[in-house]
Amino acid sequence: MRKYGGIIQKNRGTSHCFGEQNRAKSHVPSNWRSVASFALVGIALMASACSNGSGGSSGNSSATIPGSTSHTLNIAFTEDTQPLDPDVYYAGSGNIAIQAMYEGLVQYVKQPLTYTKDATFTPPSSRTQIIPDLASSWTTSPDGLTYTFTLRTGVTFHDGTPFNSEAMKEDFTRRTEVNGGPAYMLADVSSVDTPDPQTFVVHLSKANNAFMDYLASTYGPKAISPAVLNAHGGNDFAQKYLTTHDGGTGPYMMTKGVSGQEYVLSSYSGYWDPTVKPWYSTVNIHIIPDIGTQQLELEKGQLSMILNGLTTQAIQSFNSNSSLHTYSVPTLVTPAVWVNPSTPVFSSKKVRQDFDAAIDKKTIVDDIFPGRAVVANQIFPSGELPAGSAMQDPTYDPSKFAKDVSAFSGSKAIILGYDQADPADLPVADLMQTELAAAGLQVTVKGYTDTVLYGFPTNPKGAPDLLVDSNWPDAQAPDTWARIVMYTPSPTGVAGGLNYLGCSDPAGDSLLDQALAATDPSQAQTLVAQAGEEYASYGCWDVIAYRGDTVVAPSWMSGLVHQVPIPDAVVLADLKPVG
Amino acid sequence: MAAPDPGIGTLAGNEMTMSETSPPESRQGIRDQVDGRLHGSGSGLDAVASTEDLSITFARGRQRIHALQGVSIAVQPGEIVALVGESGSGKSALGLCLLGLLPTRPAPEVAGTATICGVDMLTSPESEKRAIRRSRLGAVFQDPMTSLNPTMRVGAQVIEAAGSEDEALSLLEAAGIPHARTRMRSYPHELSGGLRQRVMIAMALAGEPSLVIADEPTTALDVTVQAQILELIRELRETKRTSFLFVTHDLAVAQQVADRVVVMYGGRVAESGPAGAVFDSPYHPYSAGLLDTRITLDGPLAVELPTLAGDPVDNSVVFSSCPYLPRCPSAQARCEDGVPELRQLDADRWVACPISADEYSGPGLVSIRSKARRAFQPAPRTLDLTESPDSPEIQLRGEASDGKASSHQVVVTVNDAEKSFPLGRRDSGRAVLALRGASLRVMAGESVAIVGESGSGKTTLLRAISGLTPLDSGSVQIEGRSPQMVFQDAGSSLTPWMTVGDILGERLRKERMSRHARRARVIEALRSVELSAGVVDAKPHQLSGGQRQRLAIARAVMVPPSVLLCDEPTSALDVSMASTVVNLLGRLRSDLGIAMVFVTHDLAVARTVADRLCVMYLGRVVEEGPADLVCSNPGHPYSIALLESVPGRGRFSPVSGEPPNPVNPPAGCSFHPRCPQAEAACSATSPCLKTGQGEEMSGLHPGDHHLVACIHWGGRLGSS
Amino acid sequence: MTSFVVKRVGAALGIVVVLTFVMFFLQRISHTDPVHAMLGAGASPAAVRAEAHRLGLDRPLVDQYFSYLKGLTHLDFGTSYRLREPVSTALATYFPATMELTAYSLLFALVIALILGVGGAGKWKGAGVFRAIMLPAACIPPFLLAMFGKIVFYEHLNLLPAAGRISSSVANPPTGPTGFLTIDGLIAGKPNVTIDAFIHLLLPALCIALIPAISIGRILRSSIEQTMQMDHVRTARAKGLKERSVLLKHALRNSVGPALSMAGLQLGLMFAGVVVIEIMFNWPGVGWFLAQSIPQGDFPAIAGVTLVLSITYVAINAAVDVLQAVADPRIRV
Amino acid sequence: MVASVFPAITLVALLVPILAPDNPLIPVTTSSGMSSFVAPGHHGFLLGSDLIGRDVFSRVLYGIRTSWFSAIGVIASGMIIGGAVGLVAGASGGLVDSILMRITDAFLALPGPVIAICVVAAMGPSLFHTLVAVAVVWWPFYARIVRGEIRALAGRTHVDAARLAGVSRFRLATRHLLPGAVPAIVVTASLDVANLLITMAGLSFLGLGAPEPAPELGAMAAQGMQFLLTDWWVAVMPGMAIFALALLSNIAGDGVRKLWGRS
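Residue numbers (the numbering used here), protein chains in the order written: chain A, 2 to 580; chain B, 1393 to 2112; chain C, 3 to 335; chain D, 83 to 345.
Okay, here's the thing in structure tokens:
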């Protein structure tokens, strides 16, 4: 008790009560919680707490300010995570740990986060460059079928064994064997060669100009120690072992893992890159799905930073706190609406296009993501294609769709679905529902779990008529987005996995296939833009916004760096105090 | 009889007190008498308990129930005072008041004093009252099962009162508990009723109390056990010189045990005096009436019993005259002039009746004493010994075409009835053996009483006849209309949410008749049991206990059955009401010519209502014969014991031990462990019913034969 | 007594078997497609078929049920779609936390119930106050209570932590043998762990305990009041015992039976409360795990949690029955 | 009488469409345009507005309506199913009684709310599924109570008397037994409303009720949790509504209990 109280006590004097700042919009009474608590609980305990002004300096969260040798960072995942196994992991929060523990052949270039007091959001305007990681260089054959990588020397896995081309080969094999969600990235690999320990050759069965993006993706193949895989392979290719351990080469290694509860990462002393010297020797990762709790813990100094998931209101409250900085994080997250072409009212392309025009995207952005998103105007995530291409930017005009609906004689009762797992999708659906109702439809909003959603592309029974979901591409190549979201779900291929409502536009598919096989980059870009335009006019997929995220960190922290295509992943090894 | 009973008390407005009528001299007289009797060792000359002008008023809903109105009594050291009265007379409230344990929610209004050894149990602080309870008082309550803590070993409960284990042990032994040391480890539910009551007495005696307040301590017990407990109390008074305040509704018990009797009526003392004097020559018309309406073993047969007129006193009404006036057969004009005060008759007799001794033998009192009693018309019956017991013409539960069985017919035949009730789980094998081969035959129009203690199987036999309890083996055959039953607790036998009209009308559902005709039949049935037609829309709870039992009888006979089964219909009623019900049953039987089987534990009632008597013990019939003959010349040792146990005859404990557990009946003659005449052969052979000449008749031959199942029977007859 | 215990345990086992059937049935009707759940959206048909075979989904239902049942006897609750690891592993992680929280909640509930029950039953002046508190307090939904608890005791007063089982500042908390941090801390000789864990427990456990405490307290109160009217209490008073020993020695023991039964029943509601409170306080227990699994449609996880909680409930209720038989000798037949 | 709170709440619930100032599903636009997260008492929002500018007061009113009718529905189903099962079991006795009570006990031996969570999770969230799941675990309690009352009544001799009077089994059950169980079942039900409201709010809080945007109190509170520290009313007001509703029900239930003279 004493010890705990002591810690708390230290922060108490400077405790900041972030509910206090005046918010012009809502005119909250400055002492609202006191008022509420007095009225409702009737306990006069409030008097002692938070009675005067705002803006005190908040907890220097990690009490370990520069000076001591071991530093601990406390961060939280907003979701109970899938196993942090690079061949299995296929979600968001855990990327920060995957990126810290594992490395692939190549990577996306790192970019600093921008500290913006007002948290204005600018979506990425161009593709992120791919740079060497474990491969120091690479060449691509003119036919686009052979990739030759020169591997770095002196790289060791966390178990001390050396990294080489054989290891990489084993990892390619394991990915296919595990056959998890991201396994498709190696579907076109016909064989790999390891002529010498530092040379790794990949042969594709057909040209795929997104392949390098796959390798740079957080979901792409990573180097995992063959010794670990052999020792703990069991009958599941070490999947169980890698749930609570790691086998990578990255600057951090997992020293403790309790699924869904806690992970502890420690800096790896044998890391190959001498320029990377992690300042935090320990990173404690807690699982705290409730963002309110994260806020409280950050305020009390039990968390060092918040990585994602903050509400606009909370961000605004942090903005006025001098001890915390908010950083706007550009991402590729793109909320969109899927339209079910087998729903009678949406059966015609024209109605679908009118529907797109009837979505008040600006209101959605302003109401739900104020300052954290902009209205989308391309059917691809921001920056994947040059501005002005693959446009999907109708002028807002609900009247045409209203006319369509009133002219329609069939059932006007529709189901508007949303992905339950993403809290941001619900208000979008709620808002959209009111607009659709205004157009004359009887709308039921219904939440779906991810696992149910994943079944719809191949088994459309029970699929909703409209679906709101926020996704980001696995990799930044525009094909990756279009192929998963819009390509016709194929019983024999990997495409269309997120084409939830099974809409098929063969013309777009054909253009997309041509684009992927094109070896000339500019030709590929033209073709993929054409495919996008085709898909856009088909009207089954309406992007709504380009969304960003916000990181809150102590004001004394520097080195906040991330890779744009990789969501929720600040680079841990670069975090350090200012100066 | 639930305690605490707020009782009667109709004279709320009356200012009369009895303290002035109870001068010290008279108490001195009583004490002298008592002290004289108690070997002259009365050193503490003050009463151990006394009340002065005690009044208690309970608020029940909006009603005010005047339980006690100015009662003054005194209990002298070493004296047993019986407080006698019908339910609602306030006698239990008095006992609780002396204990300082009147209910507190809602708190009654109390006036006057109630003193124990000089401490006022009304106004003293709780700690002082507790100290008195601990050191000077003991209490024995009616139901020993609920009065003991079910989750504590009895030893611990006695130790709690006694202070030490040794002391507890000696108390238990003093209370006559065999193997007291091992019994201390028992839980109450593992003991028999009699033992439990002995435990209660042992606790009451802890710390050598000056006074034990015993509230109906034997009412829940069997007669043989009652006799033992009463004897124990007398004994304890002799050996420990403990005073007892003995609250009872049973005059006979009071007569048996008490030195002095206080008769209460309407929350007031009606009469008090030495037990012998009061019972021999009651002065107050109420006392006299109570004694007269008592059903005794030596009263005349086949005549209506005398009853008290009128209704029981309503203790919420304020009277301005004698509370007994509306019922009093000797009432005089001046009885209306205020509530009569207690006045002294003799040195130690007091009575609250204004009628003078001269007037006392006037016409009014005589009228109840020798009221012309209407003779019952004995039912015609013929004994036909030639009829085979297996006579095939007897139909199984058949409905006779004419509804009324012919007078020569056997209407009920029970052959070798066996019935057991599994205890707990079916597979545990333990079972109460309620019937172990009982046989019975009832002729048309005949009245048979089945007598026995708890566990004898008498009620099971009755229910088997009614068809409510199917037998394990043996057979029941009924001739004529299906039997009807009158139950012990009339209140529980009437569907509470149905009106009187519905309850009676239900019997007529099978007959097609108009609503009007049905109502007429219902009202006719009510009239036949002397209920007014006005109650037809009332619900059972709006009726008095006696009215409910009459309603239950009306239901049973409104379509006359061939046999009417009565399960202790009088045992829950006050003495005066019991007589009314017995009379009613007798009249209906003779009017309608129906046979009757009457189950009772009370031999006197049995003798009065029945032509033939059937004594049961542990699931078997042990004696059977004409009622008067069995009562005057019992054959079976058990019957003898039962008769000897009837209280009020000054005899005690004819038989030791208690009715054994029907789970494990003893082998051979099941009575042999308690039988004073038992010999070795008794535990080996199980005797059959025999005539005095030794003919085995197995209970199948009704009539004037006197059958007894005892190996001594023939010989005994021969020797006498 | 022995046969009573044997029968009670037998009945409990029967109920558990029925429950497994219900779980299996629910799994069949659930909307979730296990294969896609396991493989994600982009799985190839071959992989889908292989996975369906691996999961045994191509076998007859009865076979599937029996292999499910057989698995359960080996504590195999299937594989979580979401975590891709055996549900039993997750349960092993989360269950002790829930049990610790529930145990303390029950303890708090019983203590509060005892205070409320005995305090509200007496004739003293404060009894009315106790009774007046009980009515509104029984009506506060646990999550509302948790909200206020967090705001008042964490944010404003900073007295109690509002998330997790233990502070991250506590290094290397013991992981065994009981799984109860408060106990393991003592066993491992780390009283700071025990204290820290207990402080973390307080708020969530009190939030869970309040409603059951009042239900039990009410029953206890009316039961005591009834017992105090009973003949044997009158006997105890007639013996001249002090009112306090009458209450404690004679009334209380005879009154706890109904309260214990109620406590057993309340445990069912408590488990529902645990789920909500674990979310509110980020308590790493099965309820929290359940809440994470529901939006993902991770049915094996949901079923596993349901089974574990149900079996615990069944077991505790059986234990309560046996306890009651000990408390009241009349029940033993 | 206090017991009349029940019809009063029902009346209010019926009148919600008239009483609610705004459509609970549609954001309110004010003169200043944006209406998201308006604090209580401002811009005409009695209890404030939520993320997309819907009137919390109207949503709470509709939520009360849903909660109330759901609770009434489940209680009614519990009374009817449980009452029927209890009556048949208690009146029949013997094997029928054993079988029905074994089933009832099996249900009672399980943690009802947890099973309900599992059932709804399997069937998919919808108000109907939730009601069915809760009703399925709720009736056994009533069956037990009714059966207990009926058995106690069946031990009274009035039932024997009625049997001897030649009353049919059906009439025996409905006229001589059932009316005696009515006070117990009514009192139990009226005291149970608050429990049920809180339990169902808990399920709804877990996302197992009517899906969005239906205004359900528990779901609203859960949605509002992420704004608890900045816009508390979104989470607290629905919680307070449940509290108020449960409190009123409990007070009314107590009134019913006193009216029927039960302790």
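Just so you know, even glycine gets a beta-carbon here, dropped at the ideal spot from N, CA and C.
Proximity test, Cβ basis, 8 Å: residue i and chain A
i               : result
E102 of chain C : no
P103 of chain D : no
Start-to-end residues for the alpha helix (DSSP H) that takes in residue i
i                : result
Q1618 of chain B : 1615-1632
S174 of chain D  : 165-174
P260 of chain C  : 255-282
D137 of chain D  : Looking at the DSSP string, D137 of chain D is not in any alpha helix (DSSP H), and its letter there is neither H nor E.
Beta-carbon spacing of residue i, residue j below 8 Å
i                : j                : result
I365 of chain A  : I545 of chain A  : yes
V1951 of chain B : R1899 of chain B : yes
A1744 of chain B : A1646 of chain B : no
P222 of chain A  : D172 of chain A  : yes
Y264 of chain A  : M254 of chain A  : no
Cutoff 8 Å: residue i Cβ touching any chain D Cβ
i                : result
L1860 of chain B : yes
H28 of chain A   : Confidence in H28 of chain A is poor, its pLDDT being 35 and thus under 50, which makes the residue's placement too unreliable to answer from.
Classification of residue i by the beta-carbon crowding that lies within 10 angstroms, buried from 16 upward
i                : result
A2072 of chain B : exposed
I162 of chain D  : exposed
Y397 of chain A  : exposed
R1429 of chain B : Confidence in R1429 of chain B is poor, its pLDDT being 33 and thus under 50, which makes the residue's placement too unreliable to answer from.
F309 of chain D  : buried
D480 of chain A  : buried
P89 of chain D   : exposed
I66 of chain A   : With a pLDDT of only 45 at I66 of chain A, under the threshold of 50, the placement of this residue in the model should not be trusted, and no figure is reported.
Element boundaries [beta strand (DSSP E), containing residue i]
i                : result
E2015 of chain B : 2012-2018
Q1869 of chain B : 1865-1870
G384 of chain A  : First-last for G384 of chain A: undefined, no H or E at that position.
W339 of chain A  : 335-340
Closer than 8 Å to chain C by CB, residue i
i                : result
L2034 of chain B : no
A1996 of chain B : no
T276 of chain D  : The sequence shown places Ala at residue 276 of chain D, rather than the Thr named in the question. Yes, because at least one Cβ of chain C sits closer than 8 Å to the Cβ of A276 of chain D.
A95 of chain D   : no
Within-8 Å CB hit, residue i to chain E
i                : result
F1879 of chain B : The structure shown contains no chain E; the protein chains it does contain are A, B, C and D.
Three or more C-beta pairs below 8 Å linking the segment 1923-1931 of chain B and the segment 1958-1978 of chain B: no
Contact the segment 1855-1871 of chain B vs the segment 1630-1644 of chain B: 3+ CB pairs below 8 Å: no
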